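In our numbering, each number is its position in the sequence shown, counted from 1, plus 3. We put the CB at the ideal spot given by N, CA and C, even for glycine. Note that the structure is predicted; figures quoted are calculated from it, not measured. The structure appears right after this line, and notes come after that.
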Amino acid sequence: MVPWEPVAALFVDREFFVSATAQHPQALALLHNISKVVVGKETAATLVIAALIAGGHVLLEDVPGVGKTILAKALARSLSADFRRVQFTPDLLPSDVTGASIYDQRQSVFTFQPGPVFCHCLLADEVNRATPRTQSALLEAMEERQVTIEGVTRPLPHPFFVIATQNPVETQGTFPLPESQVDRFAVSLSLGYPSVADETEMLARHVGHAGPQELTPVMTVAELAELQAVAHRVHASVELRGYLVRLMQATRQDDRLVLGASPRATVSVLQLAQAWALIAGREHVLPDDIQAVFVAGLRHRVKARGGATPTAVLTDVLGQVSVHA
Numbered sequence: 004m005v006p007w008e009p010v011a012a013l014f015v016d017r018e019f020f021v022s023a024t025a026q027h028p029q030a031l032a033l034l035h036n037i038s039k040v041v042v043g044k045e046t047a048a049t050l051v052i053a054a055l056i057a058g059g060h061v062l063l064e065d066v067p068g069v070g071k072t073i074l075a076k077a078l079a080r081s082l083s084a085d086f087r088r089v090q091f092t093p094d095l096l097p098s099d100v101t102g103a104s105i106y107d108q109r110q111s112v113f114t115f116q117p118g119p120v121f122c123h124c125l126l127a128d129e130v131n132r133a134t135p136r137t138q139s140a141l142l143e144a145m146e147e148r149q150v151t152i153e154g155v156t157r158p159l160p161h162p163f164f165v166i167a168t169q170n171p172v173e174t175q176g177t178f179p180l181p182e183s184q185v186d187r188f189a190v191s192l193s194l195g196y197p198s199v200a201d202e203t204e205m206l207a208r209h210v211g212h213a214g215p216q217e218l219t220p221v222m223t224v225a226e227l228a229e230l231q232a233v234a235h236r237v238h239a240s241v242e243l244r245g246y247l248v249r250l251m252q253a254t255r256q257d258d259r260l261v262l263g264a265s266p267r268a269t270v271s272v273l274q275l276a277q278a279w280a281l282i283a284g285r286e287h288v289l290p291d292d293i294q295a296v297f298v299a300g301l302r303h304r305v306k307a308r309g310g311a312t313p314t315a316v317l318t319d320v321l322g323q324v325s326v327h328a
């Protein structure tokens, strides 16, 4: 498991939220809506939205009670999306996630009962407490956007987005996700504990009963699908792609890392940077966009040796690799 580090310690760029233009107001409206109930986590919320727009999934590694479920519910509510939550436990079966065929005695036929994975936004709580077999069922659905049950392939709703959580405190009775499966998540981050000011504001909003259920949708799933298509067309120059490749190569050559970034990670980080640029209202990717998503997009995909942490090594890589070849 990646050492727990609050996202606030990884990304501090509040000017981003001030300078973002209104060229694509849907994404900013989504962020603003979520911020009504998720206090002081603008950077984390933006990374989650960027992963959503990029068509990826999010892995949250955090202690209980810091707002993971509220963030997921606020996102689903803001999208007017179908939301499901699954608490992963050691006795959870793959069919409890994907669904199963149930025999109908009255009609003497098997009827497929879809599982909670058939939704737009799925919160998979404590995914590392389930057995590898159940984990694989979820992760296959994440990768393929479909499930195959008894030889029949059924597509999942589009768009399909997973927020999975792991608890960094409890380590007993868990089945850590292998590197090959963790690599399927576009972003890994921790919300961390709130500051004094944010926690005070949180209490004030709690007294006023501000919760995800009171949010009104600001984007339809159809508009989200359109936004995802637009993000893929955000321009990334040859020079910028070269900068990203040099960063990735540096992770594979750093002696502090046992496992460097995979080629799949290279594509994923570029897609995240495109989404980040889109949120900022630009039609092209800047080096700043890559730098903004680099650590969150890779900290779960690389493995450090000794006393090093992925975050520290990746931050060093950003400082060592020049933007210009």
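Annotated three-state conformation of LEU262 is strand, per DSSP. DSSP places THR156 in the uninterrupted beta strand (DSSP E) bounded by 155 to 158. When the Cα atoms are used, PRO290 and LEU317 turn out to be separated by approximately 15 Å. Just so you know, the alpha carbons of ASP107 and PRO117 end up roughly 15 Å apart. As for any alpha helix (DSSP H) of minimum length 4 sitting wholly inside the region 85 to 130, the runs are 97 to 101, ordered along the chain. Listed in chain order, the alpha helix (DSSP H) runs fully inside the region 184 to 235 are 199 to 210, 224 to 234, counting runs of at least 4 residues. Per DSSP, PHE297 is one residue of the alpha helix (DSSP H) stretching across 290 to 301. In the structure shown, LYS76 falls within a helical segment according to DSSP collapsed to helix, strand and coil. Between the alpha carbons of LEU321 and ASP94 lies a distance of about 42 Å. In the displayed model, HIS327 falls within coil according to three-state DSSP, outside both helix and strand. For GLU64, the enclosing beta strand (DSSP E) starts and ends at 61 to 64.
Using a 10 angstroms sphere on the CB of HIS327, the tally of other CB atoms stays under 16, which defines it as exposed.
Per the coordinates, the alpha-carbon of ARG136 lies some 11 Å from the alpha-carbon of GLU143. Following the DSSP letters along the chain, one finds THR168 in no alpha helix (DSSP H) but inside the beta strand (DSSP E) bounded by residues 164 to 169. Shown here, LYS306 sits in a strand according to DSSP, grouped into three states. With respect to ALA189, GLY300 sits close: the two C-beta atoms are nearer than 8 Å. VAL42 sits in coil when the DSSP states are folded into three classes, being neither helix nor strand. Judged by DSSP secondary structure, VAL241 falls within the alpha helix (DSSP H) whose first and last residues are 241 to 256. When rounded, the separation of the alpha-carbon atoms in LEU281 and ILE73 is 25 Å. A direct Cα-Cα distance of roughly 34 Å separates ASP99 from GLU45. Membership of THR151 in the beta strand (DSSP E) is indicated by the continuous run 149 to 152. Under the three-state reduction of DSSP output, HIS35 falls in the helix class. The beta carbons of ALA30 and LEU230 sit closer together than 8 Å. If you draw a straight line from the Cα of VAL42 to the Cα of GLY214, it comes to about 11 Å.
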